[in-house]
Amino acid sequence: MTTMTAQPRLAALIGELPPWMSYGACRDEDPDLFFGADPGFGCYGERKAARVAREKAAKAVCAACPVRESCLEFAMTTPEHDGVWGGLTDKERRRMRRATLRKPTPST
Ligand code: SF4
């Protein structure tokens, strides 16, 4: 996520990048690991088995990341919808968003 591919795109979307990004365990990883080989267009051309293996490897990097919680919170609250962030894939984050929206709000 803190890769060369993601940062310019994010900067264009949200402006200044948050400081925690420089501590991400992915900072020296290949961006393709988190976004697939076709950044900017998601991983639509990627075969399922390759995507599953790639996402598993990306999640392994996230599992040891010191800023994982900040990363996930960021991904859930910004227009960034592609790639693995905070240890979750884009599909998993969409599921989480939907579940959050369905949660009843406590009555006061
Ligand atoms: S949680 Fe994953 S995507 Fe986020 S900064 Fe850490 S290694 Fe990168």
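Residues in the sequence shown are numbered from 364 upward in steps of one, following my numbering.
We treat Cβ as the ideally placed atom computed from N, Cα and C, and that holds for glycine.
Alpha helix (DSSP H) containing residue i: first to last residue?
i	result
Lys-419	411 to 426
Thr-440	431 to 440
Leu-396	394 to 398
Identify every residue that forms a DSSP beta bridge with residue i.
i	result
Leu-451	Trp-448
What do you get for residue i, buried or exposed, if any count of 16 or more other CB atoms within 10 angstroms of its CB means buried?
i	result
Gly-378	exposed
Thr-452	buried
Arg-415	The residue you asked about is not Arg; residue 415 is Val in the sequence shown. Val-415 comes out exposed.
Arg-457	exposed
Arg-431	buried
Gly-449	buried
Pro-469	exposed
Ala-413	exposed
Asp-445	buried
(Q) Check whether the region 418 to 426 and the region 436 to 443 are in contact - that is, three or more C-beta pairs closer than 8 Å. (A) With the cut-off at 8 Å, the region 418 to 426 and the region 436 to 443 do not touch.
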